[in-house]
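Heads up: the structure comes next, in structure tokens.
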Amino acid sequence: MPEITRDEVAHLADLARIDLSDAELDHLAPQLQVILESVASIQGLAGDDVPATSHPLPMTNVFREDVVTPSLTPEQALSGAPAVEEQRFSVPRILGDEQ
Amino acid sequence: MTAVPDSLGLVGFDEVLERYDPAFGLEVHVELNTNTKMFCGCPATFGGEPNSQVCPTCLGLPGSMPVVNAKAVESAIRIGLALNGSIAEWCRFARKNYFYPDMPKNFQTSQYDEPIVYDGYLDVEVEGEIFRVDIERAHMEEDTGKTTHIGGATGRIHGADYSLVDYNRAGIPLIEIVTRPILGTGAKAPLVAKAYVAALREILLGLGVSDVRMDQGSMRCDVNLSLSPKGSGTLGTRTETKNVNSLRSVERAVRFEMSRHAGILDAGEAIFQETRHFHEDTGTTSAGRAKSDADDYRYFPEPDLVPVAPSREWVEELRASLPERTADKRARLQVEWGYSELEMRDVWAAGALSLIEATVAEGTSPQAARKWWMAELSRSANDRGVELAEVGVTPAQVAEVQKLVDGGSLTDKLARQVFEGLLAGEGTVAEIIDARGLAVVSDDGALGSAVDEAIAAQPAVAEKIRGGNQAAAGALIGAVMKATGGKADAKRVRELILEKLA
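Protein chains in written order, with the UniProt record's numbering: chain A, 1 to 99; chain B, 1 to 502.
Structure below.
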């Protein structure tokens with residue numbers, strides 16, 4: 001039976017940049033545990049002959065030709081940006097290194 | 001996190017090898033030269049206006065859907081085959097989730113546990129010895145956008161620093177090629193690392209899948225290094241030095257990290273697993289990001305893309321169309337060009353093989369092509385610490401200059417000055433010849449009077465030549481060359497002297 005601890009929920013919240021209070025963690029961890037248990041019961045139904053599936057369609061190799069299609073104009077591209085400078089998206093100071 | 005000293009003194013290279021065995025690994029990112037991006041039809045060209053090559057897909061706007069570029073998959077397979085790798089029969093893309101604004105989607109579409117290429121190798125030569133570099137995998141992914149960090153307190157309130165992002169590069173197809181840890185290279189570790197990257201670049205050039213310009217970032221290396229006690233056969237804790245972007249830097253990064261690791265291990269401290277930054281100017285590294293929670297990328301299969309399952313027919317078709325293997329090509333060209341084993345080894349080590357090949361294709365003799373690339377141009381590249389391919393002179397220009405030498409309008413000496421001009425960025429060959437006044441004095445009238453003057457000035461020498469001592473002509477040739485500022489063809493001057501004194 002998969003188990004999700006309160007610490008793991010806190011860790012995931014941290015990775016997802018979601019600020020959870022102690023009360024919220026206490027509340028959410030058992031809830032997530034219930035969801036995992038429900039999923040586990042489905043896992044129990046899959047035999048060895050059923051491969052893990054990430055995609056419901058039995059399709060492969062959906063490709064496109066290497067042909068240029070029109071891009072947005074910079075004005076269109078930047079129209080939804082909260083802040084723009086020098087035709088670039090302006091974002092708050094980045095902490096830490098590039099990935 | 002405990003504080004670990006960044007460096008406890010550097011240990012001399014020879015001394016490192018007395019106590020430790022190095023192991024290194026390389027992760028090389030190669031930007032493909034497809035027309036379009038990996039998952040959308042935006043142009044993948046370099047140098048466009050900021051945010052002019054973006055669309056809803058590469059901006060990660062809601063409702064947009066990626067579609068895989070067939071040409072990029074083809075290039076990935078060809079790279080895999082050229083690296084003696086296996087091509088997956090079935091593989092998927094995965095989302096690498098992280099918070100950094102270089103990807104507007106908050107994830108990078110990559111491959112995780114199902115790379116398209118696995119189990120390859122590349123044999124590289126260092127000083128006549130062959131080393132096999134095992135390649136663990138090569139996978140497809142997309143490049144990130146370009147961030148520009150705008151610095152501090154220029155009249156702004158505290159905390160006002162920010163970054164500007166251009167997403168033109170976001171989504172350009174990348175192939176990441178990852179080696180296994182390479183052991184047993186000892187003192188040659190830095191050279192084997194460099195030779196591997198050089199050999200890889202040569203193969204990618206031959207495949208025509210990338211510009212592989214390390215100076216422009218279309219090929220980028222991360223260098224992993226660890227030390228283990230000599231003879232222990234174990235692997236120590238590694239550091240990963242990011243963005244080592246020239247062949248010379250790859251060698252220097254391995255060398256520096258070996259010395260730094262040894263200093264820390266000698267002091268009884270442990271190596272801290274982290275990424276490090278390489279500094280071109282000093283050849284040193286400094287601490288970057290610690291491996292930590294931030295590396296928990298929560299990869300999961302990309303739900304918007306169906307699996308890639310290259311048919312065996314397609315793979316075999318691509319295998320059959322691969323260019324000649326580098327080792328075969330090298331052997332063939334050595335015979336065709338009439339180079340000695342040693343000459344060919346030097347050419348190879350200098351990264352000059354493709355350059356000479358291209359120069360010869362433009363009509364230059366293999367000997368002349370080798371002369372310019374291995375002497376003038378290699379020297380300049382070494383002096384400036386750049387790769388020969390990036391020295392600033394093209395094979396077409398070398399061929400153009402040599403054609404002028406062959407046609408008699410330049411001497412070797414004048415040609416060297418043309419190369420000086422080219423290396424200094426003074427313009428085209430014709431412009432440099434014009435601006436520097438480098439044309440050979442080929443007019444027999446003008447040369448004739450210079451010869452007459454030389455004969456008149458040195459009657460005793462002239463007498464010797466009249467008496468049959470042709471070797472004495474050297475003194476007169478020298479005088480004529482001096483008088484014409486080195487712009488005369490010495491062979492023609494000699495002929496004129498002998499004619500006049502016959």
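Beta carbons: idealized from backbone N, C-alpha and C, even for Gly.
Short CB-CB distance (under 8 Å) between residue i and chain B
i, result
"Thr5(A)", "no"
"Leu45(A)", "no"
"Leu20(A)", "no"
"Val91(A)", "yes"
"Gln87(A)", "yes"
"Ala77(A)", "yes"
"Val62(A)", "yes"
"Ser54(A)", "yes"
"Leu72(A)", "yes"
"Leu36(A)", "no"
"Leu15(A)", "yes"
Counterpart residues of residue i in DSSP-defined beta bridges
i, result
"Pro43(B)", "Thr36(B)"
"Asn51(B)", "The partner list for Asn51(B) (beta bridge, DSSP) is empty, contrary to what the question assumes."
"Leu118(B)", "According to the sequence displayed, residue 118(B) carries Tyr and not Leu. Answer is Ser86(B), Arg137(B), bridged to Tyr118(B)."
"Val223(B)", "Leu26(B), Thr241(B)"
"Ala488(B)", "Val441(B)"
"Thr109(B)", "Arg95(B)"
"Ser21(B)", "According to the sequence as given, residue 21(B) is Asp; it is not Ser. DSSP lists Ser228(B) as partners of Asp21(B)."
"Thr275(B)", "Glu240(B)"
Selected residue, minimal CA-CA separation from residue i, among the options
i, options, result
"Gly425(B)", "Val440(B), Ala439(B), Gln397(B), Gln402(B)", "Gln397(B)"
"Leu438(B)", "Gly445(B), Gly448(B), Gln458(B), Leu414(B)", "Leu414(B)"
"Val493(B)", "Tyr112(B), Gly408(B), Gly421(B)", "Gly408(B)"
"Val212(B)", "Glu387(B), Val67(B), Ile465(B)", "Glu387(B)"
"Asp26(A)", "Arg6(A), Glu75(A), Met59(A), Leu78(A)", "Arg6(A)"
"Ile135(B)", "Ser86(B), Leu164(B), Met214(B), Arg345(B)", "Ser86(B)"
"Gln216(B)", "Ala454(B), Gly47(B), Asp452(B)", "Gly47(B)"
"Ser71(A)", "Glu142(B), Glu495(B), Asp123(B), Asn168(B)", "Asn168(B)"
"Ile182(B)", "His139(B), Val133(B), Lys188(B)", "Val133(B)"
"Gly60(B)", "Val315(B), Asp102(B), Gln111(B), Thr285(B)", "Asp102(B)"
"Gly467(B)", "Leu498(B), Ile116(B), Gly485(B)", "Leu498(B)"
"Ala189(B)", "Arg289(B), Met344(B), Val126(B)", "Val126(B)"
"Gly283(B)", "Ser249(B), Ala270(B), Pro307(B), Ile264(B)", "Ser249(B)"
"Ala174(B)", "Ala475(B), Ser354(B), Ala72(B)", "According to the sequence as given, residue 174(B) is Leu; it is not Ala. For Leu174(B), the nearest C-alpha among the options comes from Ala72(B)."
Any chain A beta carbon closer than 8 Å to residue i
i, result
"Val405(B)", "no"
"Tyr339(B)", "no"
"Asn51(B)", "yes"
"Cys42(B)", "yes"
"residue 581(B)", "The requested residue 581(B) is not part of the displayed model; chain B covers only 1 to 502."
"Gly155(B)", "With a pLDDT of only 38 at Gly155(B), under 50, the local geometry of the prediction cannot be trusted, and no value is derived from it."
"Val165(B)", "yes"
"His158(B)", "Because His158(B) carries a pLDDT of 38, less than 50, the predicted location of this residue cannot be relied on, and the following value inherits that uncertainty. So, not an interface residue."
"Glu15(B)", "no"
"Ala3(B)", "Because the pLDDT at Ala3(B) is just 47, under 50, the model does not fix this residue reliably, and the point stays unresolved."
"Thr36(B)", "yes"
"Val250(B)", "no"
"Cys221(B)", "no"
"Asn84(B)", "no"
"Gly99(B)", "Note that residue 99(B) corresponds to Phe in the displayed sequence, not to Gly. Yes - at least one Cβ of chain A is within 8 Å of the one on Phe99(B)."
"Ala170(B)", "no"
"Pro301(B)", "yes"
Residue i and residue j closer than 8 Å at C-beta
i, j, result
"Arg238(B)", "Gln273(B)", "yes"
"Val192(B)", "Glu27(B)", "no"
"Phe419(B)", "Val401(B)", "yes"
"Asn35(B)", "Val68(A)", "yes"
"Arg95(B)", "Glu302(B)", "yes"
"Thr109(B)", "Pro66(B)", "yes"
"Arg180(B)", "Gly80(B)", "no"
"Arg330(B)", "Trp348(B)", "yes"
"Ala327(B)", "Arg19(B)", "no"
"Leu342(B)", "Glu74(B)", "no"
Chain-ordered neighbours of residue i on chain D, where CB pairs are closer than 8 Å
i, result
"Val67(A)", "This model lacks chain D altogether, as its protein chains are A and B."
Can you list the alpha helix (DSSP H) stretches of 4 or more residues lying completely in the region 417-448 of chain B, in chain order? DSSP runs (the alpha helix (DSSP H)) wholly in the region 417-448 of chain B: 429-436.
Discussion item. Which runs of the beta strand (DSSP E) at least 3 residues long sit entirely within the region 120-183 of chain B? Give them in chain order.
Written reply: Within the region 120-183 of chain B, the complete beta strand (DSSP E) runs of at least 3 residues are 129-142, 146-150, 162-166, 173-179.
*asked:* Runs of 4 residues minimum, wholly inside the region 283-369 of chain B: which ones carry the alpha helix (DSSP H) assignment?
replied: Here the runs fully enclosed are 312-320, 326-337, 341-349, 353-361.
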